[in-house]
Each structure stands twice: as structure tokens, then as C-alpha cells.
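See below for the structure under consideration.
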Amino acid sequence: MVQSNRLLRRAIVGLGAAVLAAVTLRRARWAPVRVEGDSMEPTLPAGSLVAVAPMRDDPRFGAVVVVRRPGGVEHVKRIVATPGGRFAVGADEITLGFDQFAVAGDDRARSTDSRHYGPVDRSEISGVARVCYWPPSAWRVFYR
1089 MVQSNRLLRR
1099 AIVGLGAAVL
1109 AAVTLRRARW
1119 APVRVEGDSM
1129 EPTLPAGSLV
1139 AVAPMRDDPR
1149 FGAVVVVRRP
1159 GGVEHVKRIV
1169 ATPGGRFAVG
1179 ADEITLGFDQ
1189 FAVAGDDRAR
1199 STDSRHYGPV
1209 DRSEISGVAR
1219 VCYWPPSAWR
1229 VFYR
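What the sequence shown shows, in the numbering used here, is residues 1089 to 1232, in sequence order.
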């Protein structure tokens, strides 16, 4: 009887914590995004779930962001160059404009990114990754 009360109490506390976390994420307007493909490995394995916050300021160099490409396809990539910076596309070097960013996957060999489709405008960046919460082995907090 004592053990069943303890299990019930743990279940209630766990459920309460999950509800509180869900409400907090929703009020902060964070949205879940699934990482498709393996271009962000080893940082984010394929199928990972990432909580993404809406853009408030320009993302910094190294931030993990969600880029919305034509057709509504979303890519999770890392900022590798900020406005005014340069990045290499093959043998050429491109200087970014006032509102442009270069993005790339962490596994450059398997990533389709700015090296292939060019710089992305700030308006194409829909959010900044804050937390990877699934799978548990990939759990991490991202800093801007």
C-alpha cells in the first residue's frame, strides 16, 4: 500500500512537470521542429526534436537556426557567416549583404546549404534553436 502511494505520487509529480513544461514552452512561443536528414550530425541526429524560439534579434555566428526555403521546406542549419561577412562557395568567395546570412550543416559533406543555394535573407530564418529535447541522448541547450 505504501509503495503504491509512492508510485502514484511520482506519477502525479511527473505528469505535473510535463504539463508545466508544455505550458511554459507554449507561452514562450517555442515550437517543435524535427531534424530531417543527417546534415547536422553529430550535434543533432536525424529525427531529433528541437524547441525553436521566434526570431527577435539577428542570430549570432554559430547559432542553430531554422531556415524556410522556397516551397515551405524547413532546414535546421548553423550560421557560418553574418551580414558583411564572407564565405566560400567552391573557389569563389561571397561577401554577404546587409540582411544576409550563410548557413551550413555540421556535417558539411552531407549538407545542402548556402554553398549550394547561396546566402539566406533574414526573412528566411524562422527561428533559433533553444533546446534539443529528443532523443534523450542528444539533449542539449543552445546558446546564442
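All C-beta atoms in this analysis are idealised placements derived from N, C-alpha and C, irrespective of residue type, glycine included.
Note down the Cα distance separating residue i from residue j, rounded to an integer number of angstroms.
i	j	result
Ala1169	Pro1224	30 Å
Arg1229	Met1128	Strictly speaking, residue 1229 in this sequence is Val, with Arg absent from that position. Distance between the alpha carbons of Val1229 and Met1128: 15 Å.
Asp1195	Val1101	40 Å
Phe1189	His1163	14 Å
Val1191	Val1154	10 Å
Phe1149	Arg1098	42 Å
Pro1120	Ala1141	9 Å
Leu1184	Arg1122	28 Å
Ala1179	Gly1172	19 Å
Glu1124	Asn1093	42 Å
Ile1182	Leu1095	60 Å
Sort the options by Cα distance to residue i and report the nearest one.
i	options	result
Asp1126	Trp1222, Tyr1231, Ser1199	Ser1199
Glu1212	Arg1156, Thr1131, Arg1144, Arg1148	Arg1156
Arg1218	Val1152, Arg1166, Leu1096, Arg1144	Val1152
Asp1145	Phe1175, Arg1210, Ala1226	Arg1210
Pro1207	Asp1187, Leu1137, Asn1093, Val1161	Asp1187
Pro1147	Glu1124, Ile1167, Phe1175	Ile1167
Arg1203	Cys1220, Gly1215, Val1177	Val1177
Ala1205	Tyr1231, Tyr1221, Phe1175, Ser1214	One point to set straight first is that residue 1205 is Tyr, not Ala, in the sequence displayed. The shortest Cα separation from Tyr1205 among Tyr1231, Tyr1221, Phe1175, Ser1214 belongs to Phe1175.
DSSP has residue i in a bridge; who is on the other side?
i	result
Trp1227	In the DSSP output, where bridge partners are listed per residue, Trp1227 has none listed.
His1163	Val1155
Gln1188	Asp1209
Leu1137	Arg1122, Trp1222
Asp1180	Val1177
Are there any heavy atoms of the ligand MG lying less than 6 Å away from the beta-carbon of residue i, as far as the coordinates show?
i	result
Pro1207	Of ligands this structure carries none, so the ligand MG is not represented either.
Could you tell me how far apart the beta carbons of residue i and residue j are, in whole angstroms, since I believe they sit closer than 8 Å?
i	j	result
Ser1136	Ala1226	5 Å
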